[in-house]
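To keep things clear, I will list the structure first and then write my remarks on it.
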Amino acid sequence: MFSTLVDFYAAQALHRQKIKWRRNILLGVSLTANLGLLFAFKYLVLFLPSVDPMIANIYTVDHPFLGFLLQGVYFSIPVGISFYTFQTLSYTLDVYHNRIEPEKHLGHFALFVSFFPQLVAGPIERFSRLMPQLKTKHIVSYARFQQAFRLMLYGFFIKMCIADNLSPLVDAVYDNPSNYAQWSTWFGTFAFGLQIYTDFAGYSLIAQGAALCLGISLMDNFKTPYFSTSIGEFWNRWHISLSTWFRDYVYLPLGGNRVSLIRWVVNILAVFIISGFWHGANYTFLIWGAIHGMLYLVERLINANKRLPQTRLVLFAGGIAIFISVNIAWLFFRIDSLEQIPEHVNALFHTEGVQNLTLSIPIITMLFTFVLAEIMTYNSRFDQLLSKLPTAVRWLIYAGLFWCIAAWAGVTNHPFIYFQF
Amino acid sequence: MGQEIKHILSKGLVRLISIGLLAVGFNQLYTTYFLEADLDDHGPMLLELNKIADTSDVIYFGESSNFTTHPDDYNTLRISDNIAVKHPNYSFGTINHGAYHVGMFLPLVKQVQTTKEPKTIIVTMNLRTFNQDVIYGPSEANLRLASRFYQPTLPILNKVFASLNHYDNRSGHERDLLKWKAWTYDTLVSTDDSVHFKVNTIRRWCEVPKFLDSAGVQDNAKRQLADQYIKAYAFQIDDSNPMVQEFDELLQVAQQKNMRVVFNLIPENVEDAAYYIGDNLVWLMQTNRDFLVERYTNLGATVVDNLELLPSKHFLDRAVIPQEHYDAKGRELVGLQVAQVL
Chain A
1 MFSTLVDFYA
11 AQALHRQKIK
21 WRRNILLGVS
31 LTANLGLLFA
41 FKYLVLFLPS
51 VDPMIANIYT
61 VDHPFLGFLL
71 QGVYFSIPVG
81 ISFYTFQTLS
91 YTLDVYHNRI
101 EPEKHLGHFA
111 LFVSFFPQLV
121 AGPIERFSRL
131 MPQLKTKHIV
141 SYARFQQAFR
151 LMLYGFFIKM
161 CIADNLSPLV
171 DAVYDNPSNY
181 AQWSTWFGTF
191 AFGLQIYTDF
201 AGYSLIAQGA
211 ALCLGISLMD
221 NFKTPYFSTS
231 IGEFWNRWHI
241 SLSTWFRDYV
251 YLPLGGNRVS
261 LIRWVVNILA
271 VFIISGFWHG
281 ANYTFLIWGA
291 IHGMLYLVER
301 LINANKRLPQ
311 TRLVLFAGGI
321 AIFISVNIAW
331 LFFRIDSLEQ
341 IPEHVNALFH
351 TEGVQNLTLS
361 IPIITMLFTF
371 VLAEIMTYNS
381 RFDQLLSKLP
391 TAVRWLIYAG
401 LFWCIAAWAG
411 VTNHPFIYFQ
421 F
Chain B
1001 MGQEIKHILS
1011 KGLVRLISIG
1021 LLAVGFNQLY
1031 TTYFLEADLD
1041 DHGPMLLELN
1051 KIADTSDVIY
1061 FGESSNFTTH
1071 PDDYNTLRIS
1081 DNIAVKHPNY
1091 SFGTINHGAY
1101 HVGMFLPLVK
1111 QVQTTKEPKT
1121 IIVTMNLRTF
1131 NQDVIYGPSE
1141 ANLRLASRFY
1151 QPTLPILNKV
1161 FASLNHYDNR
1171 SGHERDLLKW
1181 KAWTYDTLVS
1191 TDDSVHFKVN
1201 TIRRWCEVPK
1211 FLDSAGVQDN
1221 AKRQLADQYI
1231 KAYAFQIDDS
1241 NPMVQEFDEL
1251 LQVAQQKNMR
1261 VVFNLIPENV
1271 EDAAYYIGDN
1281 LVWLMQTNRD
1291 FLVERYTNLG
1301 ATVVDNLELL
1311 PSKHFLDRAV
1321 IPQEHYDAKG
1331 RELVGLQVAQ
1341 VL
């Protein structure tokens, strides 16, 4: 509510104000309020020894006020703060740059900020795309419900059947990598890449389906990213709403590629590191962002000097290289602290562990189904694919997915990974 | 628009019926080929119950107090075994699993088939499970997941609900918050003129310095154990306690199924509670005991009050934590008490 009110009134004032320095102050107020909240709730912990509520009792004894604050921060982090903060920030920045007219109705603006399907984990929508849809009168339509149902069905399948079944395997390997045989450690490490993708893409599809029931079309957040043949393409297909946000509100204002080479390198690294930092207050996220930044730079520099021929073999080799690099980089995203890296890396190459992960036939079947679906939806979406199929085949697919969700879904409690951000 | 809604309803109805038929078929398939593996992983006690329920005159529902032993024990008989040896004419069945409490026993009791012959169930009643530390404990979400699988509904429905986390699956973070709030704000009220609480919340009570030597230095080992006693027993049970509500329902279900219910209120280390904390904590334990005994006796159950049955020497973990794990003699004495009421 605080973010909503600040941005609503700041944008109104920005629109009325013509003097530049006053406009800058108003923008500063909005940015400080939003980023201040984000910092207080998400990043304060990086600079403090611990906010575990029970450990924070030691502060309560010696520094009662600090203890109270720490416990307050620990217990009241608003869900999805990173997502709606960025959504409102883009609104204020767009008004500041005169790209859009500010919203005059507080209720409509509040709906834009808190539209429930995408409130907690995106997609991070732009005002110019979402608001006109929110204001349009929508009529109940069978075709829309059908499309929404298909999106949600596939979203539930990949979240509940793929992500939630992989999660215990991934957790087991990441908790004790040296206990596992080498193939299990590799499998667990790479399985996290699949888990985080299906978890987040599943959520995004469910959100899109839920919004579509209300007549709102949210943007696509993922487009089969693991089939990318370059790191640049990967970021055009992965968490699209966030990567385009960083492109439009950080990279381009920094000068984009119309700057000196050194400055461009710095800009690229800055964008990727900030995107890592966006995920949370841990050095591991910064390193993850930096790795992607460096991969991107290397790729661009290679291409700048000598553009490789785009043969199938080159593209395939590029795809494999990107798949491996991205999945190795996920290691830094998944671990809790840098101290875990030596043990994990050692286990990947020199493990003496004997434990093996067990992959049940249902899990293997569902993984194959998922890979097949990914291949068939390359450059399209599941609902679009289904609409091209004959009714009998479509119903067979529905039945198969229903069966997987009902009988083979994972059961241990795994909240959506991106809810923590 | 009206026509579109009609269109949706007519098409939707056909699809709903098809989905219903599909669900029935899926349930059969799931129950036949996949249920056992899921129960093995998440709710093993239902498989156990299915094995013993038909053939047992008496079923003992227990937790780790029943089966925990010590290497020096003169025998490894469980509490339930000790009861059984006193009644050789009854066939006994035991359902026990570490950390289980009434939340898991209730759906299992619902799964026991109603029979013409009266059956007796003995249900472990652990005073400590009524406290905030257990109710908001870190293992509670997993236990409630098991409980989901024990519900007497279509097995595939249980699986779907479990997958959708339709059970009390609050995170450790949420539970920490609730526990922290309870320890900070739930106040202890004396109803006895001889009992006065100088500090009346768990948090404040834990903050009070304890076991100070002449130089004013605390004996940390003792202080930590003392605080564990406060967290374990400094609470007051009333109707709103979720465990009380589940015990109420369990009793009601069992009575409807023509079962006799015996609650085995298992021993706590009252002697050490008095040593580490004092009479105020013992008073709380006793008033809670009185509440439970009176309530469930009035409701028609037999409550075996073993709260103060055992001296400290019979508690295996007394040097570490207040816990209901007894040596062989302790298990035998508890078994004897219960056997007497059968």
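If you read the protein sequences in the order shown, they are chains A and B.
Note that my numbering gives residue 235 to position 235 of the first sequence, counting from 1, and the numbers run on in steps of one.
Note that my numbering gives residue 1215 to position 215 of the second sequence, counting from 1, and the numbers run on in steps of one.
A virtual CB, placed ideally from N, CA and C, is assigned to each residue, including glycine.
Owing to the predicted nature of the structure, the values given are computational and were not obtained by experimental measurement.
- Residue contact check for VAL411 (chain A) against chain B: a CB pair falls below 8 angstroms.
- Your pair PHE333 (chain A) and PHE277 (chain A) does not check out as a contact, with CB atoms roughly 12 angstroms apart and the cut at 8 angstroms.
- Using beta-carbon distances, SER1163 (chain B) counts as an interface residue toward chain A, with a partner under 8 angstroms.
- Between GLY410 (chain A) and SER1163 (chain B) a beta carbon distance of about 7 angstroms is seen, short of the 8 angstroms cut, so the two are scored as contacting.
- For a Cβ distance threshold of 8 angstroms, residue set MET1001, GLU1004, ILE1005, ILE1008 of chain B lies close to VAL140 (chain A), ordered along the chain.
- Taking the CA atoms as reference points, SER1056 (chain B) sits about 19 angstroms from LEU1251 (chain B).
- Contact between the segment 1084 to 1100 of chain B and the segment 1291 to 1301 of chain B is absent: fewer than 3 CB-CB pairs across the two stretches fall below 8 angstroms.
- When 9 angstroms is used as the limit between beta carbons, PHE416 (chain A) is near no residue of chain B, the shortest such separation being about 11 angstroms.
- Its chain contains ILE100 as the residues whose beta carbon lies nearer than 6 angstroms to that of SER128 (chain A), once the 5 sequence neighbours on both sides are disregarded; these appear in chain order.
- Taking a Cβ-Cβ cut-off of 9 angstroms, the neighbours of ILE1156 (chain B) in chain A comprise ALA406, ALA407, given in sequence order.
- Between TYR1150 (chain B) and PRO1107 (chain B), the beta carbon gap of about 4 angstroms places them in contact (Cβ cut-off 8 angstroms).
- Take the alpha-carbon of GLN1236 (chain B) and the one of TYR249 (chain A): they are about 56 angstroms apart.
- At a cut-off of 8 angstroms, the C-beta of MET376 (chain A) has no neighbouring C-beta in chain B.
- PRO1322 (chain B) counts as buried, since at least 16 other C-beta atoms from the protein chains shown sit within 10 angstroms of its C-beta.
- Listed in chain order, the beta strand (DSSP E) runs fully inside the segment 1058 to 1091 of chain B are 1058 to 1062, counting runs of at least 3 residues.
- Within chain A, ALA399, PHE402 have C-beta atoms less than 7 angstroms from the C-beta of LEU1022 (chain B), given in sequence order.
- Residue environment: LEU331 (chain A) is assigned as buried (16 or more neighbouring CB atoms within 10 Å of its CB, all protein chains considered).
- Shown here, LEU169 (chain A) sits in a helix according to DSSP, grouped into three states.
- GLU125 (chain A) is positioned such that its CB atom lies no closer than 8 angstroms to that of GLN182 (chain A).
- In the DSSP annotation of this structure, ASP1213 (chain B) is not part of any alpha helix (DSSP H), being labelled neither H nor E.
- At least one CB atom of chain A sits nearer than 8 angstroms to the CB of ALA1141 (chain B).
- Contact annotation: the segment 1035 to 1052 of chain B does not touch the segment 1077 to 1089 of chain B, with fewer than three C-beta pairs closer than 8 angstroms.
- Here GLU1324 (chain B) is buried. Its C-beta has 16 or more other C-beta atoms within 10 Å.
- Taking CB atoms only, MET160 (chain A) has a neighbour in chain B less than 8 angstroms away.
- Residue contact check for ASN1169 (chain B) against chain A: a CB pair falls below 8 angstroms.
- Using a 10 angstroms sphere on the CB of ARG1289 (chain B), the tally of other CB atoms reaches 16 or more, which defines it as buried.
- Within the same chain, ASN327 come within 7 angstroms of PHE190 (chain A) by CB-CB distance, once the 5 residues on both sides are set aside.
- At a cut-off of 8 angstroms, the C-beta of PHE145 (chain A) has a neighbouring C-beta in chain B.
- For ARG258 (chain A) and PRO415 (chain A), the gap between their C-alpha atoms comes out near 42 angstroms.
- In the displayed model, THR1297 (chain B) falls within a helix according to three-state DSSP.
- A buried status is given to GLU299 (chain A), since no fewer than 16 other beta-carbon atoms sit within 10 Å of its beta-carbon.
- Residue environment: TYR1185 (chain B) is assigned as exposed (fewer than 16 neighbouring CB atoms within 10 Å of its CB, all protein chains considered).
- Counting the other CB atoms within 10 Å of its CB gives GLN1256 (chain B) a total below 16, which places it among the exposed residues.
- The Cβ of HIS1097 (chain B) sits no closer than 8 angstroms to any Cβ of chain A.
- Contact annotation: GLU343 (chain A) and PRO123 (chain A) have beta-carbon atoms that are not nearer than 8 angstroms.
- Cβ contact annotation for LEU386 (chain A) (same chain, cutoff 8 angstroms, sequence separation greater than five): ARG150, ARG394, ILE397, in chain order.
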